[in-house]
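Residues in the sequence shown are numbered from 488 upward in steps of one, following this note's numbering.
We put the beta carbon where it would ideally sit given N, CA and C, even for glycine.
The block underneath contains the structure these notes are about, expressed in structure tokens.
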Amino acid sequence: MDDLLQLPWKPLYSQISDADEKDSQTPLEHWALAATVLFTLAVFLFEFMLNERQKRAYKINKFPSELEQTVGSIDAETEKSGSSAASADDKKKKGGKGEIDTDKPLLPQLK
488 MDDLLQLPWK
498 PLYSQISDAD
508 EKDSQTPLEH
518 WALAATVLFT
528 LAVFLFEFML
538 NERQKRAYKI
548 NKFPSELEQT
558 VGSIDAETEK
568 SGSSAASADD
578 KKKKGGKGEI
588 DTDKPLLPQL
598 K
């Protein structure tokens with residue numbers, strides 16, 4: 488049991504015998520298993536942090552103010568010019584849930 492708690496960790500099986508291993512082992516080979524475990528732990532913690540950050544982002548219900556200003560300016564330009572930015576083919580593709588009606592302002596449809 489004490490061998491498992493002491494660094495460097497050694498694999499349970501090796502094709503090199505213990506007598507040969509002590510003479511020809513490089514520092515990389517000496518710490519390879521411990522480095523692998525630490526790298527795996529670091530990757531797990533990084534992915535866990537990203538996952539938690541994404542969960543918090545999904546819970547945000549507020550419409551971004553920068554996007555609201557941009558879409559509002561697009562609506563104002565469209566209203567001022569009196570024409571829709573969409574072509575005649577796009578105007579025919581209305582009706583389904585989640586689709587944008589090009590004849591109406593965008594901002595109320597996005598919220």
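Asked	Found
Give the secondary structure of Thr557 by DSSP, where H, G and I count as helix, E and B as strand, and everything else as coil.	helix
So, is Val558 buried or exposed, given that buried needs 16 or more other C-beta atoms within 10 angstroms?	buried
Which whole-angstrom value describes the C-beta separation of Ile561 and Leu515, a residue pair presumed to lie in contact below a C-beta threshold of 8 Å?	That belief does not hold up - the Cβ atoms of Ile561 and Leu515 are roughly 58 Å apart, past 8 Å.
Alpha carbon to alpha carbon, what distance is there between Glu553 and Phe526?	39 Å
Cutting at 7 Å between CB atoms, please list the residues of its own chain near Gln596, excluding the five before and the five after it.	Ile587, Asp588
Lys497 lies in the alpha helix (DSSP H); which residues open and close that run?	Looking at the DSSP string, Lys497 is not in any alpha helix (DSSP H), and its letter there is neither H nor E.
When the Cα atoms are used, what is the spatial distance from Gln502 to Leu537?	39 Å
Quick check on DSSP: helix, strand or coil for Asn538?	helix
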